[in-house]
Amino acid sequence: FSRMTVGLYVGLENPSWATASIALANAFGDKVEFCRRYGIDISYSDWPSIGTPATITADRGELLGKHGDILVNRFGITLSNTRAYRGDDKGIVEQSFRTMHVDILPYVKGKVEPVNGKKKAGKRNELSANLTLFDFTKMVIVSEINRNTVNPLKDYDFESDMPTNLPAIPVKLWNWGISNRTGVLRTVDQRLVSINLLPHEKAKVSTLGINFEGLYYSCSEAISLGWFHKNKTAPRPTSVTVAYSPLDTHTIYIRPDNQFDSAWVCSLQSR
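Everything in the sequence shown is counted per the numbering used here, starting at 1 for the first residue and increasing by one.
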């Protein structure tokens, strides 16, 4: 409706649930603090999209599987997917990518520029790169803020009940839509959102600790329950479901049964 970009993530990884979850966590969270980490000062009114939505439309891929169930079961979000090989189902999104490329790529060196549709053999484009990932992310953030708050949309299809003097600027359309249509975003704890959206797998529990991918973890809650006692009568599960970040092996989380419960933070042990 508003065409506003509500969140983003910039990375070098291939598409996956792990990267999609970071973008979703950003979409649900406060962008003022996010922008501050990149040296950009904004106010809440510049980027007011905070909270979880009622519905998410996805492009199959990352949200088509067990991880997508997290959005349904833990956040009560209705999840739908577009049809395969039908880019026109999400034309607004595709156009926003094109706009971002027009805004940013002229200033970026090291990008691959195909000649007659093909990459030129032998050319080392990456050797002329002039930006760190931090710098590039900052450019993307500035581009999206400008798109949300400054640049009017071309050919926006105003509906009959919308005021004729309403600017076709995404943040203005967003605010009007929240007030006059629908969309009471549900606020949630940002840290628990991030943990709940992380990939999750089974980990084994033994007297040595919580074994996940060959690494051993421990936490105060498990110790207090006697999970690591050698006494076999102590109540100890054989396995638990843990959430983990592929970018950080130092910490895993024992996922709470409810999204509002505190997660157990497990630290990597010297073993």
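Cβ atoms here follow ideal geometry from the backbone N, Cα and C, with glycine treated the same way.
DSSP links Val-240 through a beta bridge to Ala-203. When the beta-carbon positions are compared, Asn-130 and Lys-111 stay at least 8 Å from each other. In this structure, the alpha-carbon of Asn-175 lies about 21 Å from that of Leu-24. For Tyr-216 and Ala-222, the gap between their C-alpha atoms comes out near 13 Å. Rounded to whole angstroms, Arg-37 and Phe-134 show a C-alpha spacing of 10 Å.
Taking the Cβ atoms as the reference, Lys-230 lies roughly 5 Å from Thr-207, within the contact range of under 8 Å. When the beta-carbon positions are compared, Ala-54 and Thr-19 stay at least 8 Å from each other. In the displayed model, Cys-219 falls within coil according to three-state DSSP, outside both helix and strand. Linking Gly-209 to Glu-201 through their CA atoms gives a straight-line distance of about 16 Å.
Per DSSP, His-67 is not a residue of any alpha helix (DSSP H), being assigned neither H nor E. Counting along the chain, Asn-211 sits inside the beta strand (DSSP E) bounded by residues 209-212.
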